[in-house]
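Data first, discussion second: the structure below is written as structure tokens.
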Amino acid sequence: MAGERSKSIGEIGESIAENFFSKIGWGSPQKGVYYPCYNKKNHALKASVGGEKHQHGIDFQVSYKSTLESETLNNLLISVKHSKDRQYPKSATKEFKGYISDLVDSMQCFKRSPHYRDISSSHAGCRTINDIPVLFFISSKDNEHYDFTSHLQNSRFMNDYDDVKELYIIDNRKVSFILNVLNYIESHYPDYEWYFFHPSTGMNIGDINIRQHSKQMQIEFLTSPFIPFVLKKKIGDHETCKFFLASIDSFTQDNFSKLVTYCRNNTSDNISDVEISMHDYFLDDNLGDTRKVLSAHDIELDVKVSNYNPSFRSLANE
1 MAGERSKSIG
11 EIGESIAENF
21 FSKIGWGSPQ
31 KGVYYPCYNK
41 KNHALKASVG
51 GEKHQHGIDF
61 QVSYKSTLES
71 ETLNNLLISV
81 KHSKDRQYPK
91 SATKEFKGYI
101 SDLVDSMQCF
111 KRSPHYRDIS
121 SSHAGCRTIN
131 DIPVLFFISS
141 KDNEHYDFTS
151 HLQNSRFMND
161 YDDVKELYII
171 DNRKVSFILN
181 VLNYIESHYP
191 DYEWYFFHPS
201 TGMNIGDINI
211 RQHSKQMQIE
221 FLTSPFIPFV
231 LKKKIGDHET
241 CKFFLASIDS
251 FTQDNFSKLV
261 TYCRNNTSDN
271 ISDVEISMHD
281 YFLDDNLGDT
291 RKVLSAHDIE
301 LDVKVSNYNP
311 SFRSLANE
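Dropping the structure here:
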């Protein structure tokens, strides 16, 4: 019975992850990918038969061409962990480090597998390949906004993995943030088509093949304090474009000023207006601060400030 319950919890976690990936444009990820282990002794777990590991399994694998780096393929190796009856650990525990170690070991052997070669050959024109481990770690026992990754800030568990350039952890807070923002956009702008905005960077500037927006979120925004969107609506022959910027951070004058600066630097002439949305913005608390910041920036665009996680108080914002 315990084994069946554990399997059910795992399957629920994978279902949550798969539906989340669909919402952020990661398509139909390859599910349950298995490939040989090429370092049998070093990658063996305590439960490994004969002290050797023979194969690795990844819950999901996603590959896409980056829009933030020219001629670059991103391979995401995603492990899903769903805690149903236990809260998140308060630090990088031995069990958590085991999740990371297994994921990194899987990535190392993935790069030597026939599956990896097939992916690389099917994405022509990519000179750089980023192999990125992703831990999708959610807890049904904790608050949906629980910030697990903040407990890892002082941990040095990644010091053991010199060859890992990037690693992403998706927790309750990040999942809830993105879902709440998408729900807000879809409910408040049902007649608009929304897209993730892809800013110009030092690594994609001048590339005419890079799209400025798409339905696919770039993985780098998983660690960003904000996510930018472009909203489009066709009226006859005219297309209206809005720039929408959602922040996971709390409202302060300084944070709001940084968001306004980002909007100024990333909007073009075809943008009609801008909306900046924060989870704790309330008109009666923050109107004076927003006016001060907008006046200091002398911004010409029409800027609306909203709350993507509304309560009865946010009705005053409308």
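Read in order, the letters of the sequence shown correspond to residues 1 to 318 in UniProt numbering.
For every residue, glycine included, the Cβ atom is placed at its ideal position computed from N, Cα and C.
Less than 8 Å separating the beta-carbons of residue 75 and residue 163?
-> no
Pairing CB atoms from the region 190-204 with CB atoms from the region 288-297, are three or more of them under 8 Å?
-> In short, these stretches do not touch, since the Cβ pair count stays below three.
Helix, strand or coil: how does DSSP classify residue 282 here?
-> coil
Cut-off 8 Å between Cβ atoms - residues of its own chain near residue 127, not counting five sequence neighbours on either side | 71, 72
Roughly how many angstroms lie between the CA atoms of residue 307 and residue 45, to the nearest whole one?
-> 47 Å
Residue range of the unbroken beta strand (DSSP E) whose run includes residue 231 | For residue 231, the enclosing beta strand (DSSP E) has its first and last residue at 226-235.
Start and end of the alpha helix (DSSP H) containing residue 102?
-> That run of the alpha helix (DSSP H) goes 94-110.
Is it right to say residue 288 is buried, meaning 16 or more other beta carbons lie within 10 angstroms of its own, or is it exposed?
-> exposed
Note the first and the last residue of the continuous alpha helix (DSSP H) segment covering residue 324.
-> Past the edges of the chain, shown from 1 to 318, lies residue 324, and the structure says nothing about it.
Relative to the alpha-carbon of residue 185, which residue among 231, 220, 215, 143 has its alpha-carbon at the smallest distance?
-> 231
If you count every other CB in all the chains shown that lies within 10 Å of the CB of residue 312, and 16 or more means buried, which is it?
-> exposed
Which runs of the beta strand (DSSP E) spanning at least 3 residues fall entirely within the region 257-302, listed in chain order?
-> Segments of the beta strand (DSSP E) lying fully in the region 257-302: 271-278.
Cα-Cα separation, residue 116 to residue 110 | 6 Å
Span separating the alpha-carbon of residue 356 from that of residue 138 = As shown, the chain starts at 1 and ends at 318. That puts residue 356 outside it, with no answer to give.
Just the Cα atoms here: how many angstroms apart are residue 103 and residue 57?
-> A direct Cα-Cα distance of roughly 9 Å separates residue 103 from residue 57.
Contiguous alpha helix (DSSP H) assignments of at least 4 residues, all confined to the region 142-201 = Fully enclosed alpha helix (DSSP H) runs of 4 or longer: 172-188.
Helix, strand or coil for residue 9, going by three-state DSSP, please let me know.
-> helix
From 55, 161, 240, 18, residue whose alpha carbon lies closest to that of residue 39 = 55
CA-to-CA distance, residue 203 to residue 69, given in whole angstroms | Approximately 5 Å between the Cα atoms of the pair.
Residue 124, DSSP secondary structure in three states | Coil at residue 124, not helix or strand.
Going by DSSP, what residues sit across from residue 240 in a beta bridge?
-> 233
How would you call residue 364, buried or exposed, if buried means at least 16 neighbouring beta carbons within 10 angstroms?
-> Here the chain covers residues 1 to 318 and nothing more, so residue 364 does not appear.
Check whether residue 84 and residue 205 have beta carbons under 8 Å apart = no
Which of the three DSSP states, helix, strand or coil, is assigned to residue 308?
-> coil
Between residue 52 and the rest of its own chain, which residues show a CB-CB distance below 7 Å, the 5 nearest in sequence each way excluded?
-> So the qualifying residues of the chain are 40, 41, 44.
Straight-line Cα distance separating residue 178 from residue 171 | 11 Å
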